[in-house]
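Visitor: Provided herewith is a single structure, encoded as structure tokens, for subsequent inquiry.
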Amino acid sequence: MPSTMLANAYNSISNWKSYNISPLLTLDKLKKNLKVKNIFYKDESKRFHLKSFKALGGAYAVEKISKGTRNIIISSATAGNHGRSVAWGAQRLKLRCKIFVSQYVSDARVDEIKKFGAEVIRVKGNYEDSLKECQKLSKKNNWKIVQDVSTKNYKYIPQLTMAGYSIMIKEISKQTNQYITHIFLQAGVGGLAAGIVAGVAKYFKRIPKIIIVEPDKADCVLQSIKDNKLKKIKIKKESIMGGMSCNEMSLVPWQILKNASNCCVSISDKNIAKTVAGLKDKKFSKTSIIGGECAAPGVIALIGLCNNVQAKKFLNIDKKSNILVIGCEGNADVKLYKQLLSKGRK
Ligand SMILES: Cc1ncc(COP(=O)(O)O)c(C=O)c1O
Numbered sequence: 227m228p229s230t231m232l233a234n235a236y237n238s239i240s241n242w243k244s245y246n247i248s249p250l251l252t253l254d255k256l257k258k259n260l261k262v263k264n265i266f267y268k269d270e271s272k273r274f275h276l277k278s279f280k281a282l283g284g285a286y287a288v289e290k291i292s293k294g295t296r297n298i299i300i301s302s303a304t305a306g307n308h309g310r311s312v313a314w315g316a317q318r319l320k321l322r323c324k325i326f327v328s329q330y331v332s333d334a335r336v337d338e339i340k341k342f343g344a345e346v347i348r349v350k351g352n353y354e355d356s357l358k359e360c361q362k363l364s365k366k367n368n369w370k371i372v373q374d375v376s377t378k379n380y381k382y383i384p385q386l387t388m389a390g391y392s393i394m395i396k397e398i399s400k401q402t403n404q405y406i407t408h409i410f411l412q413a414g415v416g417g418l419a420a421g422i423v424a425g426v427a428k429y430f431k432r433i434p435k436i437i438i439v440e441p442d443k444a445d446c447v448l449q450s451i452k453d454n455k456l457k458k459i460k461i462k463k464e465s466i467m468g469g470m471s472c473n474e475m476s477l478v479p480w481q482i483l484k485n486a487s488n489c490c491v492s493i494s495d496k497n498i499a500k501t502v503a504g505l506k507d508k509k510f511s512k513t514s515i516i517g518g519e520c521a522a523p524g525v526i527a528l529i530g531l532c533n534n535v536q537a538k539k540f541l542n543i544d545k546k547s548n549i550l551v552i553g554c555e556g557n558a559d560v561k562l563y564k565q566l567l568s569k570g571r572k
């Protein structure tokens, strides 16, 4: 990831009208229990009203490739959140936008995309089928595709989305003067994690330990790193962590994470509801936090590793540790969030 790309992303996004730094909270109660110095929680639940860090990626890529013209039509295939960001980015710039979704994307998610004025096209089959249809029609109609997944011949636009994500680290470098020692990063295709690692390389003075967290049902980063090659896995059952339920890494993230990660952790769905409710009910912090199904995994993995003597020692987690977890989404799926809250409180 070129350093100038990261600087450009920050300069652009920080000038958007509704831009605000997202809060860096502290999980003070959890820090006492785990006997570490600090646990920082980057709260993305209010990011540009999209309720997720994804607002930084797709929307920024749309701005970069449109280069001020209104004469293009944007397209994308999505499982939900990325498409929302692209649709919002297109609406900001008054561009027409076509979003392709598979038959498995919920009506609630489709409605969220439509709210930003995009036309949503449903495709029979899974995410890959929706991507193929998007590519076919975009080629035919000369629409500009904005995907967040990179392949051998498609790197620039996904890199832009990752550059957008990296601004979280620029913000954190201004929000605390503590040196972060460990970062827990949730991964689907790895874009968020790689964008953060790129940000760390640019903005932090010391390099923390990087811990990747995935659903055990979709651990494509863990499996790829274990075998030292990009692995496509079979997802037998979709995880409740919907945005992270991916079967193959994106290429650029693979190139970054294979060298940058110190540890990969996979977690089950079991503790998601309890942790979502715990965040809301101040079990970990003095303030109530709205964290969705993809925000909880960082906290779960941190607790799990701290309860494992060997892992804790391997990662040097101790009373001097300043740990960062990324609260990457709020109640982006309102219906699911309510269900998780009530299940987690039982
Ligand atoms: C809402 C959401 N979507 C998707 C992802 C996965 O991001 P990526 O596919 O870039 O790894 C995450 C990661 O935590 C997430 O919180």
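Residues in the sequence shown are numbered consecutively from 227, following my numbering. Each residue gets a CB set at the ideal place from its N, CA and C atoms; glycine is no exception.
(1) How would you write the range of the beta strand (DSSP E) that Ala303 sits in, first residue to last?
(2) Starting from the N-terminal side, write out each stretch of the beta strand (DSSP E) that is 3 residues or longer and does not extend beyond the segment 237–315.
(3) At a threshold of 7 Å, does Gly469 count as lining ligand 1 (C-beta to nearest heavy atom)?
(4) Cβ of Val415 versus every heavy atom of ligand 1: is any distance shorter than 7 Å?
(5) When we look at the beta-carbon of Ala413 and count the other beta-carbons within 10 Å, is it buried (16 or more) or exposed?
(6) If you draw a straight line from the C-alpha of Gly518 to the C-alpha of Lys443, how long is it?
(7) Does the pairing of the segment 297–307 with the segment 321–339 give three or more beta-carbon distances under 8 Å?
(8) Could you give the C-beta distance for Ser392 and Gly416, rounded to a whole number, given that I count them as a contact under 8 Å?
(9) State buried or exposed for Gln373, treating a residue as buried only when at least 16 other CB atoms are found within 10 Å of its CB.
(10) Could you tell me the distance, in whole angstroms, from the CA atom of Leu528 to the CA atom of Lys539?
(11) Which residues mark the beginning and the end of the alpha helix (DSSP H) in which Glu354 is found?
(12) Between the Cα of Gly468 and the Cα atoms of Pro479, Asn485, Thr377, Glu440, which residue gives the shortest distance?
(13) Which residue's Cα is closest to the Cα of Val560: Ala522, Ala537, Ile516?
(14) Have a look at Thr501 and Gln317 and give me their C-alpha separation to the nearest angstrom.
(15) Going straight from the alpha carbon of Ile466 to that of Asp495, what length do you get?
(16) Any idea if Thr576 is buried or exposed, counting beta-carbon neighbours within 10 angstroms, 16 or more meaning buried?
(17) Check whether the segment 263–278 touches the segment 542–556, taking contact to mean three or more Cβ pairs, one atom from each stretch, closer than 8 Å.
(18) What residues in its chain sit with their C-beta under 6 Å from that of Ala521, if we drop five residues either side in the sequence?
(19) Among the candidates Ile438, Val525, Phe326, Ala503, whose CA atom is the shortest distance from the CA of Ala303?
(20) Assign Thr387 to one of two classes, buried (16 or more other C-beta atoms within 10 Å of its C-beta) or exposed (fewer than that).
(21) Is any heavy atom in ligand 1 found nearer than 7 Å to the beta carbon of Cys490?
(22) Taking 7 Å as the line, does the beta carbon of Asn307 fall inside it for any heavy atom of ligand 1?
(23) Hey, could you find the ends of the beta strand (DSSP E) Gln412 is sitting in?
(24) Using DSSP bridges, identify the partner residues of Arg322.
(25) Let me confirm a value: Tyr382 is counted as buried when at least 16 other C-beta atoms fall within 10 Å, else exposed. Which label applies?
(26) What did DSSP end up calling Lys435 once you bin it into helix, strand or coil?
(27) Under 7 Å: does the beta carbon of Ala419 sit that close to some heavy atom of ligand 1?
(28) Give every residue of the same chain whose Cβ lies closer than 8 Å to the Cβ of Met244, excluding the five residues on either side of it in the sequence, and list them in chain order.
(29) Measuring straight from C-alpha to C-alpha, what distance separates Gly504 and Ile265?
(30) Report the partner residues of Tyr380 according to the DSSP bridge assignment.
(31) I need the DSSP call for Asn485, collapsed to helix, strand or coil.
(32) By alpha-carbon positions, which one of Leu319, Ala313, Trp369 ends up nearest to Glu345?
Guide: A quick look at the data gives this:
(1) For Ala303, the uninterrupted beta strand (DSSP E) run begins and ends at 299–304, by DSSP.
(2) If we require 3 residues or more, the beta strand (DSSP E) runs fully inside the segment 237–315 come out as 250–252, 264–269, 299–304.
(3) At a cut-off of 7 Å, the beta-carbon of Gly469 counts as near ligand 1: some heavy atom of the ligand is closer than that.
(4) Flag set: Cβ of Val415 near ligand 1.
(5) Classification of Ala413: buried, given that the 10 Å Cβ count is 16 or more.
(6) Computed Cα separation, rounded: 18 Å.
(7) Touching, yes, given that three or more Cβ pairs across the two stretches are closer than 8 Å.
(8) Not really, about 14 Å apart at Cβ, beyond 8 Å.
(9) Here Gln373 is buried: its Cβ has 16 or more other Cβ atoms, across all protein chains shown, within 10 Å.
(10) Rounded to whole angstroms, the separation of the alpha carbons of Lys539 and Leu528 is 13 Å.
(11) Element bounds for Glu354: 353–367.
(12) Gly468 has its Cα closest to that of Glu440, out of Pro479, Asn485, Thr377, Glu440.
(13) Out of Ala522, Ala537, Ile516, Ile516 has the C-alpha closest to the C-alpha of Val560.
(14) About 34 Å.
(15) So the alpha carbons of these two residues sit roughly 6 Å apart.
(16) As shown, the chain starts at 227 and ends at 572. That puts residue 576 outside it, with no answer to give.
(17) Taking a cut-off of 8 Å for Cβ pairs, the segment 263–278 and the segment 542–556 touch, as three or more such pairs fall below it.
(18) Excluding sequence neighbours, Ala521 sits near Gly553, Cys554, Glu555.
(19) Answer by Cα proximity: Phe326.
(20) So Thr387 counts as buried.
(21) No, ligand 1 has no heavy atom inside 7 Å of this Cβ.
(22) Yes.
(23) Start and end: 408–412.
(24) In DSSP, Arg322 forms a bridge with Ile299.
(25) The residue in question, Tyr382, is exposed, as its Cβ has fewer than 16 Cβ neighbours within 10 Å.
(26) Note: Lys435 maps to strand in three-state DSSP.
(27) Result yes, Cβ under 7 Å from ligand 1.
(28) Inspection of the sequence shows that residue 244 is occupied by Ser rather than by Met. Within the same chain, and ignoring the five residues on either side of Ser244 in sequence, the residues whose Cβ sits closer than 8 Å to its Cβ are Phe274, His275.
(29) Going from the Cα of Gly504 to the Cα of Ile265 covers about 15 Å.
(30) Looking at the DSSP assignment, Tyr380 forms a beta bridge with Thr377.
(31) Residue state, collapsed to three classes: helix.
(32) For the residues Leu319, Ala313, Trp369, the minimum Cα distance to Glu345 belongs to Ala313.
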